[in-house]
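Listed in order, the protein sequences are those of chains P and Y. Counting from 64, one number per residue, gives the positions in the first sequence under our numbering. Counting from 59, one number per residue, gives the positions in the second sequence under our numbering.
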Amino acid sequence: MSLLSVRSLSVRFPVLRSWWRARALFVHAVDDVSFELAAGETVGLVGESGCGKTTLGRAVVRLIEPTAGAIEFGGIDLASLRPGQLRPVRRRLQMIFQDPYGSLNPCLTVEQIIGEALDIHGLARTREALRARVGFLLDHVGLAPADARRYPREFSGGQRQRIGIARALAAEPQLIVCDEPVSALDVSVQAQIVNLLHDLQREHGLAYLFIAHDLALIEHLSRRILVMYLGRVVEAGDTKMICRTPAHPYTQALISAVPRLDPVANRRRIVLTGEVPSPITPPSGCGFHPRCPIAEPRCGREVPALREIASGRWAACHLAWGGNRMATTGGVV
Amino acid sequence: MTRGCNAERPIQTDAPWPATGLAGGAPSTQRERENPRVLEIENLRIEFETGAQPVPVLDGVSLDIGSGETVCLVGESGSGKTVTALAIARLLPCPPARYAGGRILVNRRDALRMSARELRTIRGRVVSYVFQDPAVALNPVLRAGAQVLETLALHRPEAAHTDEVISLLRWVGIPAPELRIRDYPHQLSGGMQQRLMLAMALASHPRLLVADEPTTALDVTVQAQILELLRALRRQLNMSILLITHNLGLVGEIADRVVVLYAGQIIEEAPARELLSHPRHPYTRALMKSVPELGRDVPRLEAIPGSVPRLGDWPAGCRFHPRCPVARPGCSREAPALASVAPHQRVRCPFWDHAP
Ligand SMILES: Nc1ncnc2c1ncn2[C@@H]1O[C@H](COP(=O)(O)OP(=O)(O)OP(=O)(O)O)[C@@H](O)[C@H]1O
Ligand SMILES: Nc1ncnc2c1ncn2[C@@H]1O[C@H](COP(=O)(O)OP(=O)(O)OP(=O)(O)O)[C@@H](O)[C@H]1O
Ligand code: SF4
Ligand SMILES: [Mg+2]
Ligand SMILES: [Mg+2]
Chain P
64 MSLLSVRSLS VRFPVLRSWW RARALFVHAV DDVSFELAAG ETVGLVGESG CGKTTLGRAV
124 VRLIEPTAGA IEFGGIDLAS LRPGQLRPVR RRLQMIFQDP YGSLNPCLTV EQIIGEALDI
184 HGLARTREAL RARVGFLLDH VGLAPADARR YPREFSGGQR QRIGIARALA AEPQLIVCDE
244 PVSALDVSVQ AQIVNLLHDL QREHGLAYLF IAHDLALIEH LSRRILVMYL GRVVEAGDTK
304 MICRTPAHPY TQALISAVPR LDPVANRRRI VLTGEVPSPI TPPSGCGFHP RCPIAEPRCG
364 REVPALREIA SGRWAACHLA WGGNRMATTG GVV
Chain Y
59 MTRGCNAERP IQTDAPWPAT GLAGGAPSTQ RERENPRVLE IENLRIEFET GAQPVPVLDG
119 VSLDIGSGET VCLVGESGSG KTVTALAIAR LLPCPPARYA GGRILVNRRD ALRMSARELR
179 TIRGRVVSYV FQDPAVALNP VLRAGAQVLE TLALHRPEAA HTDEVISLLR WVGIPAPELR
239 IRDYPHQLSG GMQQRLMLAM ALASHPRLLV ADEPTTALDV TVQAQILELL RALRRQLNMS
299 ILLITHNLGL VGEIADRVVV LYAGQIIEEA PARELLSHPR HPYTRALMKS VPELGRDVPR
359 LEAIPGSVPR LGDWPAGCRF HPRCPVARPG CSREAPALAS VAPHQRVRCP FWDHAP
């Protein structure tokens with residue numbers, strides 16, 4: 064049975080544009096997203112900036128209320144719980160934030176930051192127990208227990224991200240939503256944090272929903288991947304297969320745009336043109352059709368469903384099918 | 059007018075360009091006449107006076123940028139990239155910062171000797187910035203459109219109207235700009251905030267764009283669009299770019315030359331292709347090995363052990379020696395010099411040709 068099961072999740076934010084506009088407008092940040100995540104698994108989440116990745120992650124850990132849809136965690140429907148019942152479940156769901164600078168309270172010591180997480184969930188009864196636990200957690204993420212008395216500003220970005228990880232681990236979670244945990248860090252430190260997350264997963268059987276822009280990193284970390292575009296999942300399945308033969312035209316453009324270290328690697332790049340659509344006024348039909356190099360008339364009319372195009376592979380495109388026709392002929396400039 | 063700029067359309071060049079602030083004597087040499095340097099930093103030393111005694115942050119940094127040239131400044135967090143960038147238009151707060159030596163020639167005029175008035179004229183008009191931290195650069199209580207309009211009013215008053223704001227926002231790829239101009243910064247996603255800053259920086263039509271990590275919060279397709287936009291600006295407006303990044307992938311996409319900074323010093327400088335295909339310094343090599351690459355299966359990333367030395371705590375000898383995989387006993391004693399190893403290529407390691 065899967066640890067997390069998200070069904071038809073939608074999140075909308077109201078936007079007040081002007082007093083004279085009668086109809087309320089909404090940002091459709093997340094639109095009808097469904098996926099499953101097994102215990103101990105990493106699922107990667109990629110997609111264009113503003114496509115709703117953070118919003119989806121925050122909805123999963125209940126930092127924001129979904130507008131519609133269901134989230135089941137460990138077989139329990141989170142929406143059915145009363146606030147008092149939610150707390151022990153939420154403990155198992157933690158989040159690591161993108162910004163290692165803004166996500167730690169600058170007025171608190173590291174011990175207080177991590178201690179807070181322990182306190183909320185009643186995981187350390189005495190001061191000594193708390194101190195010992197904080198020391199253990201810091202050691203676990205590669206910091207010194209003596210760092211407990213220092214303030215966040217005294218640490219480098221990579222070290223701060225380790226503090227954020229220690230805070231998430233304090234609650235003994237089963238699932239951590241990692242929202243671009245390394246994109247603000249140096250490449251050399253990125254590797255240290257990625258290796259740390261890997262080790263922690265093996266040791267504790269943690270599951271990750273790993274949000275990143277960096278496809279190479281996602282490929283390194285996760286066996287399964289979700290590709291989002293404009294609030295919807297447009298492609299899902301095995302990472303290696305998707306990276307090798309993307310089926311959705313957006314994924315094809317995405318993968319072709321990944322900068323490579325090898326400057327002489329000759330490859331065909333698909334540069335998307337046209338305006339990035341707005342989640343306030345999403346296009347009709349397929350959300351990608353205004354920028355899609357192979358769009359057909361019906362793409363502007365009918366919303367493509369996310370369907371299984373081959374075993375273990377899903378794509379939301381009218382023209383995608385199991386063979387690799389599109390990957391080899393379609394839309395390459 | 060530069061109205062109706064569109065990412066996919068070529069940029070219209072009938073704008074008044076380059077505007078003003080192009081002071082400076084006649085070009086002296088043939089090379090200079092063909093490619094006048096927009097920026098020449100010579101032996102720059104900067105200190106921070108925070109504790110009892112001043113701590114050096116930049117230790118003899120020299121770098122120049124020709125017009126239309128793109129130089130990437132790479133290096134780990136804390137190596138001094140942002141300090142270098144801010145120094146150009148004298149934007150560092152003094153104190154704690156102190157310019158302890160060297161020259162910064164902007165259009166052949168030394169920024170370190172400019173009056174406050176002269177500095178104001180080069181800021182924005184000649185050198186404009188995309189700052190690393192949107193939260194610092196954007197005014198949280200001002201709507202997106204108003205922020206761009208403010209910049210226009212300051213530097214291109216003739217274009218300070220909503221249409222231009224909208225076309226600038228569309229140009230950097232912000233969807234539905236006519237609606238977004240009414241948003242406050244916190245209502246924009248991280249990537250959109252970055253594009254908003256880019257629009258503000260480009261609004262003044264600068265000669266030199268200093269972009270501090272301008273694409274970190276962007277996904278690769280938008281990043282590719284922004285890079286395309288920067289390439290077009292360089293090609294058609296002959297704009298120079300100093301791009302600060304820790305993403306080595308970007309280097310291959312856009313840079314002509316790369317400068318690698320470590321603990322306040324340049325440790326390697328080379329043409330971009332050369333650096334990516336034959337990195338020389340052990341640090342540059344380690345850096346390239348620590349990033350995952352699409353389609354390359356590695357069980358574990360090769361992290362560089364340890365971290366960047368803290369300010370004021372720079373190791374003696376080669377500053378990289380405690381983390382260096384090929385260090386020798388002498389490395390902890392003798393500080394290597396930045397030596398030419400090929401035309402246009404300098405490396406600060408005597409063992410650059412010893413493979414690790
Ligand atoms: N509190 C909010 N109020 C209104 N709109 C919001 C709010 N938070 C997010 N949005 C909008 O929801 C959409 C999705 O935002 P989100 O932060 O989830 O994107 P993202 O995929 O994480 O982007 P990025 O990669 O840039 O971080 C964006 O259009 C954003 O402007
Ligand atoms: N106002 C300041 N006062 C004291 N120290 C400072 C100040 N600004 C920067 N520093 C220090 O100067 C050093 C160089 O900082 P800089 O911001 O240039 O690094 P960077 O290379 O841009 O790093 P990053 O990749 O994290 O942005 C750092 O050790 C930093 O702590
Ligand atoms: S000088 Fe020595 S320590 Fe420094 S990079 Fe070269 S080999 Fe490594
Ligand atoms: Mg986000
Ligand atoms: Mg910086």
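Even glycine gets a Cβ: it sits at the ideal position worked out from N, Cα and C.
Whole-angstrom distance between residue j and residue i, CA atom to CA atom
i	j	result
Ala261 of chain Y	His213 of chain Y	8 angstroms
Asp162 of chain P	Gly126 of chain Y	34 angstroms
Leu288 of chain Y	Phe98 of chain P	38 angstroms
Met304 of chain P	Val188 of chain Y	37 angstroms
Arg323 of chain P	Glu191 of chain P	50 angstroms
Ser247 of chain Y	Leu232 of chain P	27 angstroms
Leu149 of chain P	Met158 of chain P	16 angstroms
Leu196 of chain Y	Arg391 of chain Y	46 angstroms
Thr179 of chain Y	Leu149 of chain Y	13 angstroms
His381 of chain P	Glu298 of chain P	12 angstroms
Ala141 of chain P	Asp262 of chain P	Looking at the sequence shown, residue 141 of chain P is not Ala but Leu. Their backbone Cα atoms lie some 29 angstroms apart in a straight line.
Ile343 of chain P	Leu88 of chain P	7 angstroms
Leu116 of chain Y	Ala321 of chain Y	8 angstroms
Arg292 of chain Y	Leu319 of chain Y	24 angstroms
Val395 of chain P	Arg166 of chain Y	Because the pLDDT of Val395 of chain P is 33, which lies under 50, any placement of that residue in the model is unreliable, and the question is left without a value.
Gln283 of chain Y	Glu179 of chain P	43 angstroms
Lys347 of chain Y	Leu359 of chain Y	8 angstroms
Leu308 of chain Y	Pro272 of chain Y	11 angstroms
Gln403 of chain Y	Leu333 of chain Y	9 angstroms
Thr172 of chain P	Arg194 of chain P	12 angstroms
Val257 of chain P	Cys241 of chain P	11 angstroms
Ala217 of chain Y	Arg228 of chain Y	16 angstroms
Thr336 of chain P	Ala316 of chain P	11 angstroms
Pro85 of chain Y	Pro244 of chain P	Low confidence applies to Pro85 of chain Y: its pLDDT is 39, below 50, so where it sits in the model is not reliable enough to give any reading.
Burial state of residue i, where buried means 16 or more other Cβ atoms lie within 10 Å
i	result
Asn168 of chain P	exposed
Ala131 of chain P	exposed
Asp270 of chain Y	buried
Val199 of chain Y	exposed
Gly249 of chain Y	buried
Ala174 of chain Y	exposed
Arg121 of chain P	buried
Ser319 of chain P	buried
Phe409 of chain Y	buried
Phe199 of chain P	exposed
Of the listed residues the options, nearest to residue i (C-alpha basis)
i	options	result
Val366 of chain Y	Y:Pro357, Y:Phe378 and Y:Glu360	Y:Phe378
Asn101 of chain Y	Y:Phe409, Y:Asp168, Y:Pro112 and Y:Cys130	Y:Asp168
Thr108 of chain Y	Y:Glu392, Y:Ser390 and Y:Leu369	Y:Leu369
Gly138 of chain P	P:Ala229, P:Pro356, P:Leu317 and P:Leu66	P:Leu66
Leu121 of chain Y	Y:Arg148, Y:Gly160 and Y:Ala202	Y:Gly160
Val123 of chain P	P:Gly227, P:Gly110 and P:Arg154	P:Arg154
Leu108 of chain P	P:Cys349, P:His276 and P:Ala378	P:His276
Glu135 of chain P	P:Ile256, P:Pro215, P:Tyr214 and P:Ser71	P:Ser71
Val185 of chain Y	Y:Glu222, Y:Ile146 and Y:Gln323	Y:Ile146
Tyr313 of chain P	Y:Val318, Y:Ser137, Y:Ile325 and Y:Val280	Y:Val280
Ala158 of chain Y	Y:Gln252, Y:Arg331 and Y:Phe106	Y:Phe106
Pro243 of chain Y	Y:Leu144, Y:Pro233, Y:His339 and Y:Met255	Y:Met255
Tyr164 of chain P	Y:Cys152, Y:Leu177, Y:Pro151 and Y:Ala193	Y:Ala193
Glu327 of chain Y	Y:Ile123, Y:Val96 and Y:Asp191	Y:Ile123
Ser166 of chain P	P:Leu144, P:Gly185, P:Gly227 and P:Ser143	P:Gly227
Ala234 of chain Y	P:Val90, P:Tyr214 and P:Thr105	P:Val90
Leu269 of chain P	P:Asp94, P:Thr105, P:Val96 and P:Pro215	P:Thr105
Beta-carbon separation (whole angstroms), residue i vs residue j, contact threshold 8 angstroms
i	j	result
Ser246 of chain P	Leu345 of chain Y	Wrong, their Cβ atoms sit about 16 angstroms apart, outside the cutoff.
Thr128 of chain Y	Ile312 of chain Y	6 angstroms
Leu267 of chain Y	Ala259 of chain Y	6 angstroms
Arg75 of chain P	Ala101 of chain P	Not confirmed; about 29 angstroms, so no contact.
Legend entry - Any beta strand (DSSP E) of 3 or more consecutive residues that is wholly inside the stretch 137-187 of chain P: Listed in chain order, the beta strand (DSSP E) runs fully inside the stretch 137-187 of chain P are 156-159, counting runs of at least 3 residues.
Legend entry - Length at least 4, wholly inside the stretch 318-397 of chain Y: the alpha helix (DSSP H) runs in chain order: Listed in chain order, the alpha helix (DSSP H) elements of length 4 or more contained wholly in the stretch 318-397 of chain Y are 330-335 and 340-347.
Inset, instruction - Could you name each continuous alpha helix (DSSP H) segment of 4 residues or more that falls completely within the stretch 214-282 of chain P, going from the start of the chain to the end? - result: Listed in chain order, the alpha helix (DSSP H) elements of length 4 or more contained wholly in the stretch 214-282 of chain P are 220-233 and 250-267.
Inset, instruction - Mind listing, in chain order, the continuous beta strand (DSSP E) runs of no fewer than 3 residues lying wholly within the stretch 88-122 of chain P? - result: If you keep only unbroken beta strand (DSSP E) runs of at least 3 residues inside the stretch 88-122 of chain P, you get 88-100 and 105-110.
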